[in-house]
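Peer 1: The following block contains the structure, expressed as structure tokens.
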Amino acid sequence: MSELLSVKGLKAEIEEKEILRGVDLEVGDGEVHVIMGPNGAGKSTLGSVIIGDPRFEVTGGSILFDGDDITGEDTDKIAKKGIFLTFQNPIEVPGITLGNFIKTSLEMITGERMKPSEFKKRLKETLEVLQMDPEYAERDLNVGFSGGEKKKAEILQLLMLRPKLAILDETDSGLDVDAVHIVSKGVEAYKKQVGGALIIITHSMRILEALKVDKTHILVDGKIVDNGDASLIDKINNEGFEAYIKE
Amino acid sequence: MKEKTQVNDIDRSFYDFRNEDADAFKVDAGLTKDIVLEISKEKNDPDWMRELRLKCLDIYNSMEVPDWGPSLDALDIDNIFTYVRPNMRGMQNDWENVPKDIKETFDRLGIPQAERKSLAGVGAQYDSEIVYHSIRDEAASKGVIYTDIESALKTEYADMIKERFMKVLPPTEHKFAALHGAVWSGGSFVYVPKGVKVDFPLQSYFRLNAKGAGQFEHTMIIVEEGASVHFIEGCSAPKYNVANLHVGAVELWVGKNATLRYSTIESWSKNMYNLNSKRAVVEEGGKIEWVSGSFGSHISYLYPMSVLNGKGARAEFTSVTFAGEGQNLDTGTKIVHNAEDTFSYVNTRSISKSGGINTFRSSVVIGPDAHGSKSSTSCESLMVDSISRSDTIPAMDVRCADADVGHEAKIGRISDETIFYLMSRGLSETEARALIVRGFADNVSKELPLEYAVEMNNLITIEMKGSIG
Amino acid sequence: MRINNIPVRTWNRLKVNDVEVEVSLPKSLLEYTEVVPKEVDSIVGKGIGHLADISIRTGLGKEFDDLISDSNHKVSGYVISENTDVKKPLYQTFEIGDEKKALNILDYTVEENGNLTVIQTIKEKNDMPATYLMQNKLRVAKNATLTIVQVQMLSDKKTFLNDFGAHLCEGGSLNLIQIVLGGKESYYGLFTELEGPESKVEASVAYTMSGSSKLDMNYVANHHGKNTESNFNVSGVLKDRAYKLFKGTLDFHKGCSGANGAELENVLLIDDTITNKTVPLILCDEEDVSGAHGATIGKLREDLLLYMKSRGIDEKEAYRIMERAQIDAVANKIDDKKTREEITDYLDKIL
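Chains as they are written, first to last, in the numbering used here: chain A, 7 to 253; chain B, 79 to 547; chain C, 5 to 355.
Shown next as structure tokens:
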């Protein structure tokens, strides 16, 4: 069976501290996966390692994407292959507007110049989906954005870049109800328009309400300790992670 | 209303006592070829050393005094006695053999009680000569050498000294480095062999007793591969109404993966011109740690320098400088990154009070080969009143794209709110201010062994009490 | 002569205390074009500084100032009378042609409650070697505001000595925006006398230096008045064998209680052959002030690079983007679309 993403026995460390201790994960085309786990289990690290964050050292295992081994590949090449990771704290960059950044990004990923008029049209439509003021695109990238605005700007990029796999890292944390609503609308639009796969790293459930979850994985202490379908989410909601944490 | 009253002088009686120096041998005041030759003869120099002294004298005469920094106009070398030998012959290894007045001096200063407690070795210099040196058997048996340079020149280390003497700090560096080379006397030689870790600190104490005298001690520390040692120096002098001069030189070699911590508590009297030079060369993976508390002297020029020559070499510089009435202290550090992945961290605090002037002066140079190097500087200055002054003069020179240089400087005062808060909890204003200043200086005090941290805090309390009635 | 002297000297070995340049004055002034809003009074004469009864120190220093003052060249003065808010900018274009030496001496006085924006564009008709000297003296009266935007688009054959001196009265505010896009050797100076209480200066400088071009800056905020404020923001990019020295001084004099000063520098380094020097001085003779300096010097921040890469942008492109962003972040402060577009077009040409 050919999976879109195939993570096998992945081990990774930062500053000689092992965070991932052999993670296995298979994600098929268009599937929606949820990764849950207690704080410090390595959930965010998994996202970072998949996108090739050089702070982490892969000490074992492999990551295959679309049949290619991307373990240790440069982040920009991984992004070009079609993986998108939302950042918990997107970087502020004065001097470049959000709109220009997305255009550059899109052109780098597709390798094609885009007509300004065509880009503007798509950007406008996408901003509407997220109920964002068109003025956002003219503002400097993330500069002075509130937490919610930053998250929305990340989802905007997701919709514009149309990756095959999107990894949403705690995208709903720290958001008010309206913002969560808009973010989940954006994720829904991504499913509908692009049909890509999703890995949602979370410990809150609100964002999942509008989505059909295919698989759920429980990550504890750097390892996947349980797999299940969407019903596992409810189980965790009711019982927490106690059953998985060794005494 | 808050009231501040000035007290003319600060109580420094702990350091401010003097002995008669009638019995001591002195060269004439001033600096001539004859005086240099007399010192050389007095010290039984080998030929190369005598020639070096004369060469240094020529360099001294050819160089200008700095056109930056505090004014040195009131310092007249013609009035300085460059060599004063206490009334004894030869360095002693037995405390009982040290002359009574000198012994009492060091007893009052807490040396060598400290030795018995927590030191691996002690050296004591009185005016121009080392009067006492000792080293614990544990350290000596591992091959650690701790003695004066004159004695070391008569041992198997003579060639090592000849090869390295004034090489890290060449006499051409500045006028006072040349002066030092011409008239140096006393100081310590420390050698830590490969792999030896000295568990307790070594300490040298420098006391300048004679009126109008200069002290020119030379310290050489060689820490071989994988070895480590902590060296502490303390300095003090009684106060006179004429200028005294201190132009020491410190040359340090930190070998591959070796560590040297060099701590200084300086409380020279406030008629002292402290024009000291210190420099360390650090090899691959080695580390130099400077910890420095400067409280004394009338004028200071003091910038310990770290030259990071080996890959991954590190330098840390932590200092606090306290300038009170009549003091103009120009202090800081110089760091040169010459190799890949080198790292430097500078953390300085200065406190200006009662008309004292503080200048923080630094330079960080990242050379073209220092790929991946990082340097970070944080300097904070505290103005305790409105008649003092505090200047910050850092310079950075980066020649390599792949470097990361950060610098932060802040200047400020003790907020009235903070004082009010502490007073509302029952502290007097003086106590509140002293508490805040001690806290401000904790970057240094927390790096010092306990008894030195206590001494430093006492110094701060004494200085803080000076001006608030 | 020696120019750009820092107010307090440091080690000579660092070669930052001042800089030696050869300067001589041309026989005549450079003619320039301008669009003058109707509220602005133009006065041509000798000396404010010149036109007002005060002497105004400048950043390039005394030797340069004396050379200009002692010459018999005319000063082009502009005066905004009290309570006059000039809505449209005063545009001035200085274009160096065949002359080997060029000079302009300018004065701007904004009287009480007045407001003026000046946009100076400095360019060239050909890339022949030439030296261009420019001195601007500024006087900002009580509660008045003066904004000077200066865009320099010179080739690597031009030497540019660019001297500013400003005197601010109570509540007066000076906003200087400088975009430096070229030049063989550029010497920039600014001396701001914050004389009146609550007066304020903000200088934002962005530069991109490549080839073997050289930029030497000496900016001083002289705080005398109570609650005065200064802000220097300098950011730029260094490539090839470019040399940059930024000297910024916050000088808090006795009596300037409540004053606040900050210097911020951000330098993106591209090649190992560059020289980047930074000398940020804080001189403090007053207890109740706050002064701060921060510098970030080096390659692109790793978290920023990762973020860009995660959006498919490779390292080379990320540097290209950031090089422009360093300029655009400052250029975006210019409240004039036409000037911003001119900068964008010029950047498209040179980058």
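For glycine and all other residues, C-beta sits at the position ideal for the given N, C-alpha and C.
Keep in mind that this is a model prediction, so the values were computed, not measured.
At the level of alpha carbons, what is the spacing between Phe-214/B and Gly-201/B?
Peer 2: In the second sequence, the residue the question calls residue 214/B occupies position 136. In the second sequence, the residue the question calls residue 201/B occupies position 123. It should be pointed out that residue 214/B corresponds to Arg in this sequence rather than to Phe. When rounded, the distance between both Cα atoms is 12 Å.
Peer 1: Can you round the beta-carbon distance between Gly-202/A and Leu-174/A to whole angstroms, since I take them to be within the 8 Å contact cut?
Peer 2: Numbered from 1 along the first sequence, position 196 holds the residue referred to as residue 202/A. Numbered from 1 along the first sequence, position 168 holds the residue referred to as residue 174/A. Not really, about 12 Å apart at Cβ, beyond 8 Å.
Peer 1: Which term fits Phe-236/C, buried or exposed, when burial requires 16 or more other beta carbons within 10 angstroms of its beta carbon?
Peer 2: Against the third sequence, residue 236/C aligns to sequence position 232. Burial call: buried.
Peer 1: By how many angstroms is the C-alpha of Leu-247/B removed from the C-alpha of Pro-382/B?
Peer 2: The residue you call residue 382/B lines up with position 304 of the second sequence. The residue you call residue 247/B lines up with position 169 of the second sequence. Taking the straight line from one Cα to the other gives about 11 Å.
Peer 1: For Asp-289/C and Phe-256/C, I'd like the C-alpha separation in whole angstroms.
Peer 2: Translated into the one-based positions of the third sequence, residue 289/C becomes position 285. Translated into the one-based positions of the third sequence, residue 256/C becomes position 252. Going by the C-alpha atoms only, they are around 6 Å apart.
Peer 1: Mind checking if Glu-273/B is an interface residue toward chain C, Cβ cutoff 7 Å exclusive?
Peer 2: In the second sequence, counting from the first residue as 1, residue 273/B sits at position 195. Note on identity: in this sequence residue 273/B is Gly, with Glu being the wrong assignment. So no, Gly-273/B is outside the interface.
Peer 1: What does Thr-14/C touch in chain B if you count any residue whose Cβ is under 7 Å from its own?
Peer 2: For the purposes of this step, residue 14/C is identified with residue 10 of the third sequence, where counting begins at 1. Here the neighbours are Trp-146, Arg-439, Ile-471 and Ala-473.
Peer 1: Kindly indicate which residue of Gln-199/A, Val-189/A and Val-226/A has the alpha-carbon position closest to the one of Arg-212/A.
Peer 2: The count along the first sequence starts at 1 and reaches residue 212/A at position 206. For Arg-212/A, the nearest C-alpha among the options comes from Val-189/A.
Peer 1: Report, in whole angstroms, the separation of the C-beta atoms of Thr-132/A and Leu-165/A, which I expect to be a contact under 8 Å.
Peer 2: Looking up residue 132/A in the first sequence gives position 126. Looking up residue 165/A in the first sequence gives position 159. Confirmed, Cβ separation roughly 5 Å.
Peer 1: Please name the residue in Phe-247/A, Lys-218/A, Ser-237/A and Val-219/A whose C-alpha comes closest to that of Ile-230/A.
Peer 2: Mapped onto the first sequence, residue 230/A falls at position 224. Among Phe-247/A, Lys-218/A, Ser-237/A and Val-219/A, the Cα nearest to that of Ile-230/A belongs to Phe-247/A.
Peer 1: So is Thr-233/B buried or exposed if we call it buried at 16+ other beta carbons inside 10 Å?
Peer 2: Locating residue 233/B in the second sequence gives position 155, where the first residue counts as 1. It is exposed - the Cβ of Thr-233/B has fewer than 16 other Cβ atoms within 10 Å.
Peer 1: In terms of residue numbering, what span does the beta strand (DSSP E) encompassing Asn-425/B cover?
Peer 2: Numbered from 1 along the second sequence, position 347 holds the residue referred to as residue 425/B. Element bounds for Asn-425/B: 421–430.
Peer 1: Taking 7 Å as the CB-CB limit, is Ser-545/B close to chain C?
Peer 2: Locating residue 545/B in the second sequence gives position 467, counting from the first residue. Because Ser-545/B carries a pLDDT of 43, less than 50, the predicted location of this residue cannot be relied on, and no value is offered for it.
Peer 1: Return helix, strand or coil for Ile-155/B, following the three-state DSSP convention.
Peer 2: Taking the second sequence and counting its residues from 1, the one referred to as residue 155/B is at position 77. The answer is helix: DSSP assigns Ile-155/B an H, G or I state.
Peer 1: Let's see if you can read the secondary structure: which residues bound the beta strand (DSSP E) around Met-461/B?
Peer 2: Here residue 461/B is taken as the residue at index 383 of the second sequence, counted from 1. Residues 452–461.
Peer 1: In the DSSP assignment, find the beta strand (DSSP E) that holds Lys-31/C and state where it starts and stops.
Peer 2: As a working mapping, residue 31/C is identified with position 27 in the third sequence. Run containing Lys-31/C: none; DSSP gives neither H nor E here.
Peer 1: Around the Cβ of Ile-242/A, are there at least 16 other Cβ atoms within 10 angstroms (buried) or fewer (exposed)?
Peer 2: Locating residue 242/A in the first sequence gives position 236, counting from the first residue. Per the 10 Å Cβ criterion, buried.
Peer 1: Is His-415/B close to chain C? Criterion is C-beta to C-beta, closer than 7 Å.
Peer 2: Sequence index remark: in the second sequence, residue 415/B carries index 337 (1-based). No, His-415/B does not count as interfacial toward chain C.
Peer 1: Does the Cβ-Cβ distance between His-324/B and Asn-352/B come in under 7 Å?
Peer 2: Start at 1 with the first residue of the second sequence, and residue 324/B comes out as number 246. Start at 1 with the first residue of the second sequence, and residue 352/B comes out as number 274. Yes. Within cutoff.
Peer 1: Within the 7 Å Cβ cut-off, does Met-120/A reach chain C?
Peer 2: Taking the first sequence and counting its residues from 1, the one referred to as residue 120/A is at position 114. Not one chain C Cβ lies under 7 Å of Met-120/A.
Peer 1: By Cβ distance, which residues of its chain are closer than 6 Å to Val-122/C, with the 5 residues on each side in sequence left out?
Peer 2: In the third sequence, the residue the question calls residue 122/C occupies position 118. Cβ neighbours of Val-122/C beyond the five flanking positions: Leu-94 and Ile-152.
Peer 1: Check the Cβ-Cβ distances between Ala-263/C and every residue of chain B, and say whether any is below 7 Å.
Peer 2: Taking the first residue of the third sequence as position 1, residue 263/C is located at position 259. Cβ-Cβ to chain B under 7 Å: no for Ala-263/C.
Peer 1: Where are the beta strand (DSSP E) runs, 3 residues long or more, that stay fully inside the stretch 177–217 of chain C, in chain order?
Peer 2: Runs found: 177–184, 189–198 and 204–213.
Peer 1: If we count the other Cβ atoms within 10 Å of its Cβ and call it buried at 16 or more, is Tyr-499/B buried or exposed?
Peer 2: Numbered from 1 along the second sequence, position 421 holds the residue referred to as residue 499/B. That one is exposed.
Peer 1: Under a three-way DSSP split, which group does Asn-86/B fall into?
Peer 2: Here residue 86/B refers to the residue found at position 8 when the second sequence is read from its first residue. Confidence at Asn-86/B is low in this model, with a pLDDT of 34, below 50, so the placement of that residue should be treated as unreliable; the coordinate-derived value is given next. Looking at Asn-86/B - three-state DSSP - the assignment turns out to be coil, as it is neither helix nor strand.
Peer 1: With a threshold of 7 Å between beta-carbons, can Tyr-350/C be considered close to chain A, or not?
Peer 2: In the third sequence, counting from the first residue as 1, residue 350/C sits at position 346. Not an interface residue.
Peer 1: Below 8 Å CB to CB, which residues in the same chain sit around Lys-130/A once its five sequence neighbours on both sides are set aside?
Peer 2: Within the first sequence, numbered from 1, the residue matching residue 130/A stands at position 124. Counting only Cβ-Cβ distances below 8 Å, and skipping sequence neighbours, we find Pro-140.
Peer 1: Tell me whether Glu-253/A sits in a helix, a strand or coil according to DSSP, three-state version.
Peer 2: Here residue 253/A refers to the residue found at position 247 of the first sequence. Only weak support exists for where Glu-253/A lies, its pLDDT of 49 falling under 50; the coordinates are left without a value.
Peer 1: In chain B, what lies closer than 9 Å to Glu-24/C by C-beta?
Peer 2: As a first step, residue 24/C is located in the third sequence; it is residue number 20 there, counting from the start. Those do not exist, as Glu-24/C stays about 16 Å from chain B at its closest Cβ, beyond 9 Å.
Peer 1: Taking only runs of the alpha helix (DSSP H) that begin and end inside the stretch 95–163 of chain B, which ones reach a length of at least 4 residues, in chain order?
Peer 2: Counting whole runs of 4 or more residues, the stretch 95–163 of chain B contains the alpha helix (DSSP H) stretches 111–120 and 125–140.
Peer 1: So with Cβ pairs under 7 Å, would you call Asp-394/C a contact of chain B?
Peer 2: A question about residue 394/C goes unanswered here, because the residues of chain C that appear run from 5 up to 355.
Peer 1: Helix, strand or coil for Leu-219/C? Go by DSSP, reduced to three states.
Peer 2: For this step, residue 219/C is matched to residue 215 along the third sequence. It is a strand residue.
Peer 1: I'd like to check one pair, Leu-185/C with Tyr-350/C: are the Cβ atoms closer than 7 Å?
Peer 2: Reading the third sequence from its first residue, position 346 is the one you call residue 350/C. Reading the third sequence from its first residue, position 181 is the one you call residue 185/C. Cβ distance < 7 Å, so Tyr-350/C and Leu-185/C count as in contact.
Peer 1: Between Ile-497/B and the ligand PLP, is the CB less than 6 Å from at least one heavy atom?
Peer 2: As for the ligand PLP, it is missing from this structure, which has no ligand bound.
Peer 1: For a test of the three-state rule: what should DSSP assign to Ile-465/B, helix, strand or coil?
Peer 2: As a position in the second sequence, residue 465/B is number 387, starting the count at 1. Ile-465/B: coil per DSSP, three-state reduction.
Peer 1: DSSP three-state call for Phe-151/A: helix, strand or coil?
Peer 2: As a position in the first sequence, residue 151/A is number 145, starting the count at 1. Residue state, collapsed to three classes: coil.
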